[in-house]
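Residue numbers (the numbering used here), protein chains in the order written: chain V, 1 to 655; chain D, 1001 to 1655.
Where is the CB? At the ideal position from N, CA and C, for every residue including glycine.
Computed from a prediction, not measured in an experiment: that's the story for all the values here.
2 protein chains.
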Amino acid sequence: MQHVYVSYTSLGENEQHGIRHAGEKNTQEKIIISNERPWKPWQPARSQITGCVRRVQTAMLSLAGLEWYCYAALGVLTAFMSFCMDLTIGKLLRAHQWLYDCLEGNILLQFLCWTLYPTFLCALSTSFSHSICPQSAGSGLPEIRTILSGVQLADYLSLSNLFAKLIGLISTLSAGSTVFLGKVGPFVHLSNMVGAYLYRLYASACGEKQRRTQGEMLVVASAAGIASCFGAPISGVLFSIEVMGSHYSVRDYCPCFFAAVCGSLTYRLLSVCSREQETVQAVFKTTFPSEIPYQPPEILIFAFLGLLCGAISCVYLYSHRWILRFVRTNKFISRFMATEKTLYSATVAFLLASVTFPHTGGSFIASQLSMKQLLFSLLDSTQWNLISHNTTLVQESPHSFWQEWSPPGYSVYHTLGCFILIKLWLLVLACTLPLPAGYFMPVFIYGAAAFAGAVTHTLSPALCALELTGQSTHVVPILTATLISNALARSRHQPSFYDGISLIKKLPHLPSLIRACPELSSVQIRQFVVPVGAVLQRAEGVTGVQHILNSSKENEFPVVDTHDSLTLLGTITRAQLQTFLLSNQSEDLCKSLEDECSIQPVKLQLSTDATVKQVHCIMSILREQCVFVTEKGKLCGVITWKEMKNMIEKLAKEI
Amino acid sequence: MQHVYVSYTSLGENEQHGIRHAGEKNTQEKIIISNERPWKPWQPARSQITGCVRRVQTAMLSLAGLEWYCYAALGVLTAFMSFCMDLTIGKLLRAHQWLYDCLEGNILLQFLCWTLYPTFLCALSTSFSHSICPQSAGSGLPEIRTILSGVQLADYLSLSNLFAKLIGLISTLSAGSTVFLGKVGPFVHLSNMVGAYLYRLYASACGEKQRRTQGEMLVVASAAGIASCFGAPISGVLFSIEVMGSHYSVRDYCPCFFAAVCGSLTYRLLSVCSREQETVQAVFKTTFPSEIPYQPPEILIFAFLGLLCGAISCVYLYSHRWILRFVRTNKFISRFMATEKTLYSATVAFLLASVTFPHTGGSFIASQLSMKQLLFSLLDSTQWNLISHNTTLVQESPHSFWQEWSPPGYSVYHTLGCFILIKLWLLVLACTLPLPAGYFMPVFIYGAAAFAGAVTHTLSPALCALELTGQSTHVVPILTATLISNALARSRHQPSFYDGISLIKKLPHLPSLIRACPELSSVQIRQFVVPVGAVLQRAEGVTGVQHILNSSKENEFPVVDTHDSLTLLGTITRAQLQTFLLSNQSEDLCKSLEDECSIQPVKLQLSTDATVKQVHCIMSILREQCVFVTEKGKLCGVITWKEMKNMIEKLAKEI
């Protein structure tokens, strides 16, 4: 049959239909036809092209392994996705602004336009993502961390989730700065889904020769995700190091950098092609004076800023955890959320939009600026002091955002104060929305690197700030402030933003649990060990093997010395057992298991005194799928990732 | 006696002498005196100060753990050391230059001054380092990597090595650019020695409560070392990630950044204090135009540069390995090196200095420039094209180095060509010198980030270049070039610079071995397992225990079910056995071991089918000191770091 299917591709559609019919009618006849080599048009040209493609393929694979092409593809694809998303969101935001400006003069219509547009988009995002794939709501980063720690979560890396998350995220971000949500977290989730898909292609192309695991591909995808989001390769790699696991394999370092550079280069080149930027450079370029950027004593001020950001981050994290828990425990809201997610999103979005309406309170918090404009104004080198004293400077400024920051009659500092006071609570409220959205960017805009670092317990926001601005003159003060704010935020085992979500969502992520409750690191596996279901003994006969094959669905079975001693000898696969049965059915003399099958020795055994943390570490670093537990030489249990997940879930209940 | 010793500190020198005499004469009398609370001057003030110190201590420890103060001290100390070294070297280099200038007009005297000064310094460095601590010669980085992988190397972290390496390195670097050696590698070694010393202090202060291991302190020390060397915190941390091990623990990430920021901040503040720089900023600041730093198609040129650097790095690495092997295998030179190291150093230094003498060939390779000036001229934004056409520009330039690069009658390109052609071979020759010296900086000066990255198989030189110059406009092209040069250098399993040294010096560093010969990663421990010396059985009596305690010096002994079954039950310590013996000597009824002592279960058992790589990974990541090997339930061997070292050495012989 193979030949017939090959010939399909070269035929026109009508002819194909004909052959398919023929195939359905008479298969016997078709095989005869296929053996006669069907006629193909342009035979020599086709064979030349095929030969050429093969040669190129061989040359490319001799240059680098297939995995490197996957990494490059990952970087380019995520960058392309990021750029298209930005373009679409920009157009939708401009449409809203245009409509709002057209209605100038009629406050009621303007109010409706201002509030209903984001309300509709948030409702769309919620209903779309929940109807296609409910797992697509939220940031997705805590789930990705859980998957990278080794635990499998269903549907989080599927293509339907990719589709739902992409469309949902575009809708959310098009709602603009009234809803004040970001792109980073979901985008890392998206890039991980692309990575998982590329990994499937890679695995099917390589077969058993594959040299990389899915985990490695996902770490690379995380780095590429951040890099393509901002065009910032270095902070992408650092982010993947510090957020994604507890041990970073240096083997992944070069692939991460490679994919991140591919991603950021593509992202920036696309900006150049679309005439957004003149050349490949920082996305939010600053022009601080580089001669004497600051005097040494100013470092103390930066340190104080770090302390302040750390303190505010504690308030923010506490409020965030409180509101998430409130939404889940309050009877009315949780029932409302369970049935009417879309209505809840629409209500909250309407509320947020009403508060930020420019003709009421919005003018005090510069609400007409988009996320991008807010970031631009944050990183602008114009001194705020000058603007607050000089109104003509504001009018003459090439950047329109200064007029927003300094509305007639009020100083810049007044607006900034209101912004800082009000936005924090609006942001906390927006975090409860059940739609695909990121929380890093708003946090970054609100309090810059030191605050974002403190909220996420990371240092990569400091590098992100450096790469976004393209200036590294302030590297030492930024790092100092971020370190200090981190120290404050991490004191007394407060969970980070991601850890908090993991804990509240009860995700089986052990590092989060241990950070929140360090005593758990000494819990032994003794109480959790599940006895092994089916055990074979070395002298097992045909009936015993037959019984075990029928009663169990495992693919691998442990073999012990005798059922009494339970001394573990090794493992044996289902296929081996089936061969054993077949060979013994034909012969009269029944041989024992040991004589016929080679028992695969077990490389590693654990005792019941090992801690959950140690077992988790061994399984995730050595990429073991199954570990046997013995006590005083006797086999007493088995731990797979399924059991590990159960263990972590039981531990989570103990907090 | 304790009270007497405490009181010493508060007494004047004469009084102390008196008490010591008294102490020697009559100890009995002194104990009586000590119990009577000896008179101390300023009793109230002293107790106030002691209370104050205690309060400060408590407050500081409540703020952060002791380890964080150690990290800060590590950063500050290494930065201070780095700065003092730079200052001394600068003075010695200026002295040489001054003497050379004074002798203007007499070529013979100038030649003697030019050649004998570095010859003498190299001879001094060699003889000093070899007479105090022979391990202080060379870079030290490959040895540090080996120590960080878990294997102990004697004398590499001792204080005498610190002293010898410090003085030796200062002498080597004062020999200047004629010898063309650098600071980085030995300085990382120095910072590791400081780290090890601080760790000893920390461990003695904390006792059993210590939360950090020596390995963690050394990783932090490596980051702080690089950071203090250049004032570059981020590349310091990245360097410690990619060079130091195969798995990076994310737990070390914050300490690394903290120490690195402390180090670089101190280093830069010291520069400000000494009026070298106006404020805290990049060490080699550049002023490339930041508006449009480069056009997008120029990235292809950067990529080609990366390819070129990768190709040259292969030549360099090959020559480097060849000459190191030649020096070790050539009968005459190896015998000469074994007995007359100082003479060898002096000869090579004299040869290098003769070749670079400005009045002969030196003028073609800009030999009068120091390492720092070479780096400055490399990173200067003046276009070379302009200089080659415009001689007045050279004379008017504020930087004197352009006159060196463009000697009368020759263009800049001519000098640069000679520099590139000749310096490579001089550098290869200089690498054979048996003195404390680094090889990173010369490589960085020779071929910048892409070349240095290719030679060391790392990407952190790219970041180092960004941090040294303080401009991140070129981040994408630099990373692209470095990635491409790395890809070329890593092709066909060529060892990196550090791996090459590890292999030639036969250091027990498994990752280097596996990178050079990937088949070794599947070697099983079967052939290397050493049988356990002393084994106790659960019903062991007094005589058996007595015999084992006398015949073995181990601190921990495995306990098996019976000597026939050899089923491992757990371990028991020497102290427990001694208690067991004592309690049984007094009683008539002899109890068995099992009744009296609690057997500590073994958390982890390996089979003989585990590979050396897996065992190494488990031992280094889980920080296990001793792993038992069982086969089919029977104890058959033990692996400690000593056995691991032997295994790796045996593997190295197989290459």
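Who are the Cβ neighbours of V:Phe350 in its own chain at under 7 Å, not counting the five residues just before and after it?
As a first step, residue 350 of chain V is located in the first sequence; it is residue number 350 there, counting from the start. Only Thr115, Thr119 meet the Cβ criterion.
When the cut-off is 8 Å and only beta carbons count, does D:Thr1480 lie next to chain V?
As a working note, residue 1480 of chain D is residue 480 in the second sequence. So yes, D:Thr1480 belongs to the interface.
So, with DSSP's three-state summary, where would you put D:Cys1517?
One-based indexing of the second sequence puts residue 1517 of chain D at position 517. Three-state result, D:Cys1517: coil.
V:Asp561 versus chain D: which residues are under 8 Å apart at the beta carbon?
The residue you call residue 561 of chain V lines up with position 561 of the first sequence. Those are Lys1632, Gly1633, listed as they occur along chain D.
If the cut is a Cβ gap below 9 Å, which residues of chain V does D:Glu1242 touch?
As a position in the second sequence, residue 1242 of chain D is number 242, starting the count at 1. The contacting residues are Val250, Tyr253, Cys254.
Cβ atoms of D:Ser1222 and D:Val956: under 8 Å apart, would you say?
Chain D is shown only over 1001 to 1655; residue 956 of chain D falls outside these bounds and no answer can be derived.
Look at the Cβ atom of D:Ser1136, then the Cβ atom of D:Lys1165, and state whether they are nearer than 8 Å.
Along the second sequence, one-based indexing puts residue 1136 of chain D at 136. Along the second sequence, one-based indexing puts residue 1165 of chain D at 165. Yes; because the gap between Cβ atoms is below 8 Å, this pair is in contact.
V:Tyr597 versus chain D: which residues are under 8 Å apart at the beta carbon?
Start at 1 with the first residue of the first sequence, and residue 597 of chain V comes out as number 597. Checking the sequence, you will find Cys at residue 597 of chain V rather than Tyr. Going along chain D, no residue has its Cβ under 8 Å from V:Cys597, so there is no contact; the nearest lies around 15 Å.
With which residues is V:Gly438 paired in a DSSP beta bridge?
Taking the first residue of the first sequence as position 1, residue 438 of chain V is located at position 438. Beta-bridge pairing links V:Gly438 to V:Gly182.
What's the C-alpha gap between D:Asp1155 and V:Thr567?
Here residue 1155 of chain D is taken as the residue at index 155 of the second sequence, counted from 1. Here residue 567 of chain V is taken as the residue at index 567 of the first sequence, counted from 1. Cα-Cα distance, rounded: 45 Å.
List in chain order: all unbroken alpha helix (DSSP H) runs of 4+ residues lying wholly within the stretch 1540-1588 of chain D.
1542-1551, 1574-1586, all fully within the stretch 1540-1588 of chain D.
Taking 8 Å as the CB-CB cut-off, is V:Leu77 touching chain D?
Numbered from its first residue, the first sequence carries residue 77 of chain V at position 77. Cβ-Cβ to chain D under 8 Å: no for V:Leu77.
Any beta carbon of chain D sitting closer than 8 Å to that of V:Leu604?
Residue numbering aside, residue 604 of chain V sits at position 604 when the first sequence is read from its first letter. Chain D, which has a Cβ nearer than 8 Å to the Cβ of V:Leu604, makes this yes.
Starting from the C-beta of D:Leu1459, find all residues in its chain whose C-beta is less than 8 Å away, skip the five residues before and the five after it, and write them out in chain order.
Locating residue 1459 of chain D in the second sequence gives position 459, where the first residue counts as 1. So the qualifying residues of the chain are Leu1238, Glu1242, Gly1453, Leu1479, Thr1482, Leu1483, Asn1486.
From V:Phe230 to D:Tyr1248, what does the alpha carbon distance come to, in whole angstroms?
Against the first sequence, residue 230 of chain V aligns to sequence position 230. Against the second sequence, residue 1248 of chain D aligns to sequence position 248. Cα-Cα distance, rounded: 26 Å.
Measure the alpha-carbon distance for V:Val560 versus D:Ala1205 and round it to whole angstroms.
Start at 1 with the first residue of the first sequence, and residue 560 of chain V comes out as number 560. Start at 1 with the first residue of the second sequence, and residue 1205 of chain D comes out as number 205. If you take the alpha carbons of V:Val560 and D:Ala1205, they lie about 49 Å apart.
Would you grab the beta carbon distance between D:Thr1573 and D:Asn1584 for me? Rounded to a whole angstrom, and I think it's under 8 Å.
Along the second sequence, read from residue 1 onward, the residue named residue 1573 of chain D stands at position 573. Along the second sequence, read from residue 1 onward, the residue named residue 1584 of chain D stands at position 584. Not confirmed; about 17 Å, so no contact.
Could you tell me which whole alpha helix (DSSP H) segments of length 4 or greater appear in the stretch 1124-1150 of chain D?
Here the runs fully enclosed are 1141-1148.
With DSSP as the reference, please indicate the residues paired to D:Gly1637 in a beta bridge.
Stepping through the second sequence from its first residue, residue 1637 of chain D is reached at position 637. Partner(s): D:Val1629.
Starting from D:Tyr1498, trace the alpha helix (DSSP H) both ways and give me its first and last residue.
As a working mapping, residue 1498 of chain D is identified with position 498 in the second sequence. It spans 1497-1504 - the alpha helix (DSSP H) in which D:Tyr1498 sits, taken as one unbroken run.
Is the beta carbon of V:Cys314 sitting closer than 8 Å to the one on V:Leu488?
The residue you call residue 314 of chain V lines up with position 314 of the first sequence. The residue you call residue 488 of chain V lines up with position 488 of the first sequence. Yes; because the gap between Cβ atoms is below 8 Å, this pair is in contact.
How would you list, in chain order, the residues of chain D whose beta-carbon sits under 7 Å from the beta-carbon of V:Phe258?
Your numbering for residue 258 of chain V matches position 258 in the first sequence. Those are Leu1483, listed as they occur along chain D.
From this set, V:Ile365, V:Ser472, V:Leu513, which residue's C-alpha is nearest V:Ser502's C-alpha?
Taking the first sequence and counting its residues from 1, one reaches residue 502 of chain V at position 502. Nearest option by C-alpha distance: V:Leu513.
Taking the straight line between their C-alpha atoms, what separation do you get for V:Ile226 and V:Leu429?
Counting from one through the first sequence, the residue named residue 226 of chain V turns up at place 226. Counting from one through the first sequence, the residue named residue 429 of chain V turns up at place 429. For V:Ile226 and V:Leu429, the distance between alpha carbons rounds to 25 Å.
Who are the neighbours of D:Gln1471 on chain V, taking C-beta pairs under 9 Å?
Indexing the second sequence from 1 puts residue 1471 of chain D at position 471. Residues of chain V passing the Cβ test: Ser290, Gly470, Gln471, Ser472, Thr473.
State yes or no: is the beta carbon of V:Asp499 nearer than 8 Å to at least one beta carbon in chain D?
Your numbering for residue 499 of chain V matches position 499 in the first sequence. Chain D, which has no Cβ nearer than 8 Å to the Cβ of V:Asp499, makes this no.
Determine, for D:Glu1029, whether the minimum Cβ-Cβ distance to residues of chain V falls below 8 Å.
By one-based count along the second sequence, residue 1029 of chain D stands at place 29. Low confidence applies to D:Glu1029: its pLDDT is 45, below 50, so where it sits in the model is not reliable enough to give any reading.
Give the residues of chain V in contact with D:Ser1082, contact being defined as C-beta atoms less than 8 Å apart.
Start at 1 with the first residue of the second sequence, and residue 1082 of chain D comes out as number 82. What D:Ser1082 touches in chain V: nothing, since even the nearest Cβ is about 16 Å away.
Taking 8 Å as the threshold (beta carbon to beta carbon), is V:Thr567 in contact with chain D?
Indexing the first sequence from 1 puts residue 567 of chain V at position 567. Cβ-Cβ to chain D under 8 Å: yes for V:Thr567.
Under a Cβ-count criterion, where at least 16 other Cβ atoms within 10 Å of its own Cβ denotes burial, should V:Ala79 be classed as buried or exposed?
Working through the first sequence from its first residue, we reach residue 79 of chain V at position 79. The residue in question, V:Ala79, is buried, as its Cβ has 16 or more Cβ neighbours within 10 Å.
Can you pull out the residues from the stretch 607-622 of chain V whose beta carbon lies closer than 9 Å to at least one beta carbon of chain D?
Within the stretch 607-622 of chain V, the qualifying residues are Ser607, Thr608, Asp609, Ala610, Thr611, Gln614, Cys617, Ile618, Ile621, Leu622.
For D:Gly1245, go through chain V and note every residue whose CB falls closer than 9 Å to its CB, in chain order.
Mapped onto the second sequence, residue 1245 of chain D falls at position 245. Residues of chain V passing the Cβ test: Val250.
Take D:Thr1088 and list the residues in its own chain whose beta-carbon comes closer than 6 Å to its own, dropping the five residues that flank it on each side.
Here residue 1088 of chain D refers to the residue found at position 88 of the second sequence. Excluding positions up to five away in sequence, the list reads Ile1170.
Which residue from V:Arg335, V:Lys331, V:Leu426 puts its Cα closest to that of V:Ser367?
Residue mapping note: residue 367 of chain V aligns to position 367 of the first sequence, counting from 1. The candidate whose alpha carbon is nearest that of V:Ser367 is V:Leu426.
How about V:Ile132: is its C-beta nearer than 8 Å to some C-beta of chain D?
For this step, residue 132 of chain V is matched to residue 132 along the first sequence. No - not a single Cβ of chain D is within 8 Å of the one on V:Ile132.
Give me the Cβ distance between D:Leu1141 and D:Tyr1498, rounded to the nearest whole Å; I'm assuming they're in contact under 8 Å.
Taking the first residue of the second sequence as 1, we reach residue 1141 of chain D at position 141. Taking the first residue of the second sequence as 1, we reach residue 1498 of chain D at position 498. Contact holds; Cβ gap of about 6 Å.
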